[in-house]
Structure formats: C-alpha cells, structure tokens
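Contents: one structure, followed by commentary.
In full-length UniProt numbering, the protein residues as written are 1 to 273.
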C-alpha cells in the first residue's frame, strides 16, 4: 500500500501592480521630501529658467527678427522646451550620488521591487520639473507672451511634461552608467548642443548650412516647432517645410522613442549593478 504525500504549492511571489505603484509613490515622496529640505535646488532651477527668459526677452529680443511672429512669441515655446531639459539635467548627478552612497543597495534589501527606486526618482523629479515649468510660463505671460488660443498652452505644457519624463529617464541611465558624481555632471552638459543648436531661440535658417542638417533633425527643434504651432497657430509655420500636425506627431514620437530606449537602458544598468 502506498501513501501519496500531499504537496502544497509554494506561495506566489508575484506582486500585484498596485504594490509596484504604491512602492513607487513612496519612493517618489522620499525624493520630494529630500528636495523640499533643500529648497535651494528648486529656487536655482526656477531662477535659472527665469533669468534665461529675461535675457532672451530683453537683451537679444531686439536684435532677432524671426519672421511673422514677435520674438517673444517665437522664443518662449522654445525656451520652455529647453527649460525641462535643464530642469532634469541634475537627475543624473543625484542618481550617481545615491549609487556611490549605497542608497540604491539599501533599497534592494527592502521587501519591495528593487526597481521602484528608479520609478520613484522619475516621479519625484517630474513634480519638481513641473513646478519650474509652471513658474517660468507664468513669468513668460507677464513679460508679453501671448497664445493663439487657450488650448494651445495646455498642449504646450503637456508636450513639455512628456519631454521631461523622457529625458528624466535619459539622465537616470546616465547616472547609473557614470559611476561617480563628477562623470554624471560632465555628461549632463551634453544638453547644451541640443539646446542651442536648435530652433529654440533662433530660426534654423539663420545657421550655417552645415549646421542646419543637425539642427533640423534633432528632438529639441521638433519639440520647439510643435510647441510654437500649438501656441501661435499657422503663423508659426512660415518658412517651415511641414505642417503643424507633422511637428506635433513627430515630437510625440521622439519623446515616446527616447522614453522607451532610456527606460530600458536604465533598468538594464540597474539590474547589472
């Protein structure tokens, strides 16, 4: 006579999606609290953006004629695009610092999905970036910026926030790959050629021919032209090769593509640590 031993299935280790979201929000709250305890981080981000706005509005504005638009209406959509890039540039340094200090390793020891430290960092930084974007937008209206219709500014803010999410993950990956704070800081300055060799501040046609090819086909230019069209309508399309809808669709595609690649790279780098 044989006896069959009943075997019980091992407890499932699968966590529901709500657990991942909850842990990510907790990690995001930590990022926000750390930032609020160092208000100079927020203040400097806002001040930098506002100073750039005022310089281009009142110092360079009288010397640049962008076509059918006034310079302030031409410049502000591009400047707000660049604002989110500069606002998230410090994410790489923060991530590299936490890796060096062992914070990432301590998160791994907690009973939660280890990657939530990255999702939390992205969410927390996005809240800070949004505050910088909103303050800079308010100052832009105060110095003469106007929109073609009310929904245009909603579209601009939405596209800028999407770009902020995408580039936040780029700098998370940079921070993980850099290995130390100094290297992450150096890599952050790669934002400069993207920002200034674009149509953010001047028409691409004003650049040397050999530089126009790069400027016309990089994401900051496409985002700036899309934001310009959303806020200024068809007047923003003078001298451009494509329709406004084209720039909006391509801008969204750039953001989604950058987000997908950067997030995959960041998660792969995180798993290798």
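All C-beta atoms, glycine included, are put in the ideal place defined by N, C-alpha and C.
Three-state secondary structure assigned by DSSP to residue i
{"i": "residue 161", "result": "helix"}
{"i": "residue 200", "result": "coil"}
{"i": "residue 70", "result": "coil"}
{"i": "residue 39", "result": "helix"}
{"i": "residue 218", "result": "coil"}
{"i": "residue 148", "result": "coil"}
{"i": "residue 100", "result": "helix"}
{"i": "residue 51", "result": "helix"}
{"i": "residue 241", "result": "coil"}
{"i": "residue 261", "result": "helix"}
{"i": "residue 208", "result": "coil"}
{"i": "residue 115", "result": "coil"}
{"i": "residue 227", "result": "helix"}
{"i": "residue 172", "result": "helix"}
{"i": "residue 251", "result": "helix"}
{"i": "residue 95", "result": "helix"}
{"i": "residue 133", "result": "helix"}
{"i": "residue 274", "result": "The structure shown does not extend to residue 274, since the chain is modelled only from 1 through 273, so no value can be given for it."}
{"i": "residue 189", "result": "coil"}
{"i": "residue 64", "result": "coil"}
{"i": "residue 143", "result": "coil"}
{"i": "residue 155", "result": "helix"}
{"i": "residue 233", "result": "helix"}
{"i": "residue 296", "result": "Outside the modelled stretch of the chain, which goes from 1 to 273, sits residue 296, for which no answer is possible."}
Whether residue i touches residue j by CB criterion (8 Å)
{"i": "residue 166", "j": "residue 258", "result": "yes"}
{"i": "residue 220", "j": "residue 83", "result": "no"}
{"i": "residue 115", "j": "residue 175", "result": "no"}
{"i": "residue 266", "j": "residue 173", "result": "yes"}
{"i": "residue 168", "j": "residue 98", "result": "no"}
{"i": "residue 222", "j": "residue 178", "result": "no"}
{"i": "residue 300", "j": "residue 231", "result": "One cannot answer for residue 300 here, as it falls past the ends of the chain, which runs 1 to 273."}
{"i": "residue 100", "j": "residue 181", "result": "yes"}
{"i": "residue 239", "j": "residue 203", "result": "yes"}
{"i": "residue 171", "j": "residue 186", "result": "no"}
{"i": "residue 60", "j": "residue 79", "result": "no"}
{"i": "residue 191", "j": "residue 52", "result": "no"}
{"i": "residue 159", "j": "residue 270", "result": "no"}
{"i": "residue 104", "j": "residue 272", "result": "no"}
Min CB distance residue i to chain B below 8 Å
{"i": "residue 254", "result": "Absent from the structure is chain B; it holds one protein chain and no more."}
Quick test of the definition: if touching needs 3 or more C-beta pairs under 8 Å, does the segment 129-143 touch the segment 195-210? no
Does the segment 213-229 come close enough to the segment 189-199 that 3 or more CB-CB pairs lie under 8 Å? Contact between the segment 189-199 and the segment 213-229 is established, with three or more Cβ pairs separated by less than 8 Å.
Between the segment 234-248 and the segment 58-74, do three or more beta carbon pairs fall short of 8 Å? yes
State whether the segment 89-99 contacts the segment 130-149, with contact taken as three or more CB pairs (one from each stretch) at a distance under 8 Å. no
Between the segment 223-230 and the segment 154-162, do three or more beta carbon pairs fall short of 8 Å? yes
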